[in-house]
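Take the sequence shown: its letters are residues 3 to 424, numbered as in this note's numbering.
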Amino acid sequence: MKETLISRVEGHGRIEVKVRKGELQSIKLNILTPPRLFEKLIVGRHFSEVPTIVSRICSICSASHRVVSVMALENAFGIKVPEVVKLLRRLLLHGETLESHALHLFILALPDYYRKASFVELAKDAPDLVSLGFRLKGLGNRIQETVGGRAIHQITPVVGGMSAMPPPGELESIAREAEALIEKTCVTLKDLPELELTPLAQVENWVSLSGKEYEYTGGDILINGKERLKVEDFSMRFHESSLPPSYVKHTLLDNKKTFMVGAFARVLNNTSKLKGRAGALCKDLGLARQRSTFMNNPAQAVELVFCLERVSEIIEKLLKTHAWSEDGVVVDFTPGAGTGVAAIEAPRGLLLHRYSLDERGYVLDGDIVTPTALNLSEMERTLRNMAQHLLEEGIRELTPSLEMLVRAFDPCISCSVHLLEV
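Okay, here's the thing in structure tokens:
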């Protein structure tokens, strides 16, 4: 038996491989991060506290947790927010995706493509490449701070709207910076080297939201580009369970199928909706024809360009809003008993929050379904297949290859440990 702590991922995980006489006995992805119990922490809390609490689940995708939490609570109370609020929240999520994808792709994943141990070594040979990654991440942080009030653990998205509006001059500056980065990002990411391991991990099922546009909010759940499911009916097809000794939820489709969520799933389900330079890059990379798990990395490259383009478009719409003001926009509402569900596409994939509240607006129950928890069973399936193939080829040192595969999923382990009862 051999265990290895996975490097260059968020959180702490270990791949446990058992091999006897050259035959694979078992393989398991052990999550070492302890339970964090956020679903229990919010029980008995007033609804106004919930978005702030759940945003602490993760510092990388805190905006996603806050926005989807607010949306679920708004659904519970029957609140409809104006278009300007929707645009600001989308802009915030695009900033988060820029920051998250740039961090994962340039700092954690690309060293594998250039056979480097870390981005520090990569920067010695390709300083411009790493510099671009930091510029993209910096822009994402700037957008989140401008729109969300903070670069992490944002505060402006509140139930009913946005508590503050960003200064128009800052938005104009952000739009110019985003536009200036589009060409360089396209040129740089179009010619990435290929990983030899690419054919060894194949996606069988993929799941994402899908609406009228390529977006991170709105739409139904789409399975394999064919089957649609309302967000509120998620539990009818997707079944959660926790398997010891880990504190992570495993989720299966129809109680038996593993599936992938994330950038690649979004691209596969929504390729025709990608326009502009992002659509052209997607076509150049041939993503729609691919089924390799490792294509999640190029898919993130496409989404970096997509976000840069959308940031400019959203800001243009915002600045044309007649009632623009730096004051917040929050609609009046009366809290009451009810259940609300909402889902968005976080950088790593489908993220769903559900809350039940009493007549005073206090939480009775909550459920948080994170992308990494959705991906975990698929990770183990593809790890098993890859390990078996490598052993059949006579390769005994499995660690580097298996780590690359896990990194391709871009796991956020801190987000995944939310078991209520342990």
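Glycine included, every Cβ here is placed at the ideal spot set by N, Cα and C.
*Contacts around G142, its chain only, beta-carbon distance under 6 angstroms, and the 5 residues preceding and following it disregarded*: Excluding sequence neighbours, G142 sits near G97, L100, E101.
*Is the CB-CB distance between V72 and V149 below 8 angstroms?*
For V72 and V149, no; Cβs fall outside 8 angstroms.
*Scan the segment 128-189 and note each continuous beta strand (DSSP E) run of 3 residues or more that stays entirely inside, going in chain order.*
163-166
_Cutting at 8 angstroms between CB atoms, please list the residues of its own chain near P169, excluding the five before and the five after it._
T148, E328
*Express the C-alpha separation of T384 and K192 in angstroms, rounding to a whole number.*
26 angstroms
*asked:* With distance defined between alpha-carbon atoms, name the residue in P373, A267, R398 nearest to Q204.
replied: A267
*Verify whether the separation of the beta carbon atoms of F296 and A410 is less than 8 angstroms.*
yes
*asked:* For the alpha helix (DSSP H) containing T401, name the first residue and the last one.
replied: It spans 401-410 - the alpha helix (DSSP H) in which T401 sits, taken as one unbroken run.
*Under 8 angstroms Cβ to Cβ from A436, same chain only, skipping five residues before and after it: list those, please.*
Because the chain spans 3 through 424 in this model, residue 436 falls outside it and cannot be assessed.
*Out of P129, L224, L211, G368, which has the shortest C-alpha to C-alpha gap to A78?*
G368
*K251 - containing beta strand (DSSP E), residue span*: 251-255
*Would you mind giving the Cβ-Cβ distance between E229 and A280, rounded to the nearest angstrom? I have them listed as a contact below 8 angstroms.*
That belief does not hold up - the Cβ atoms of E229 and A280 are roughly 26 angstroms apart, past 8 angstroms.
*From the DSSP output, in three-state form, read off N97 for me.*
Going by the sequence as given, residue 97 is Gly instead of Asn. Three-state DSSP puts G97 in a helix.
*For I109, write down the residues that DSSP places opposite it in a beta bridge.*
Answer is none; I109 lacks a bridge partner.
*Enumerate in chain order the residues of its own chain whose CB-to-CB distance from P84 is below 8 angstroms, with the five nearest sequence positions on each side excluded.*
G163, V331, V333
_Spatial neighbours of V87 in its chain, beta-carbon cut-off 8 angstroms, leaving aside the 5 residues before and after_ = G163, M164, V331
*Take the Cβ of G396 as the centre, count every other Cβ of all protein chains shown within 10 Å, and call the residue buried at 16 or more, exposed below.*
Counting the other Cβ atoms within 10 Å of the Cβ of G396 gives fewer than 16, which makes it exposed.
*Tell me whether L224 sits in a helix, a strand or coil according to DSSP, three-state version.*
strand
*Who does N32 pair with in a DSSP beta bridge?*
R16
*What do you get for G171, buried or exposed, if any count of 16 or more other CB atoms within 10 angstroms of its CB means buried?*
exposed
*Inter-residue Cα distance where the pair is N299 and P373*: 16 angstroms
*When you compare only the Cα positions, how much space is there between I317 and A104?*
21 angstroms
*Do you know whose CA, among L199, S212, G340, E242, lies nearest G351's CA?*
S212
*Looking at the structure shown, is K319 part of a helix, part of a strand, or coil, going by DSSP?*
DSSP, reduced to helix, strand and coil, places K319 within a helical segment of the structure shown.
*Could you check which residue in I145, I346, N257, P402 has the C-alpha nearest to that of L94?*
Nearest in C-alpha terms to L94, of all of I145, I346, N257, P402, is I145.
*Using the beta-carbon count (16 or more within 10 Å), is R91 buried or exposed?*
buried
*Name the DSSP bridge partner or partners of Y357?*
G342, G368
_Member of R239, F240, Q156, I223 whose CA lies at the smallest distance from the CA of V233_ = I223
*State buried or exposed for T260, treating a residue as buried only when at least 16 other CB atoms are found within 10 Å of its CB.*
buried
*Determine the burial state of H252: buried for a count of at least 16 other Cβ atoms within 10 Å of its Cβ, exposed for fewer.*
buried
*asked:* Once DSSP output is grouped into helix, strand and coil, what is the label at F240?
replied: strand
*Going straight from the alpha carbon of K126 to that of M406, what length do you get?*
Spanning the two alpha carbons is a distance of roughly 21 angstroms.
*asked:* Between the alpha carbons of M167 and I346, how many angstroms are there, rounded?
replied: 22 angstroms
*Helix, strand or coil: which one does DSSP assign to R91?*
In the structure shown, R91 sits in a helix (DSSP, three-state: H, G or I).
*Does DSSP put T260 in a helix, a strand or coil?*
coil
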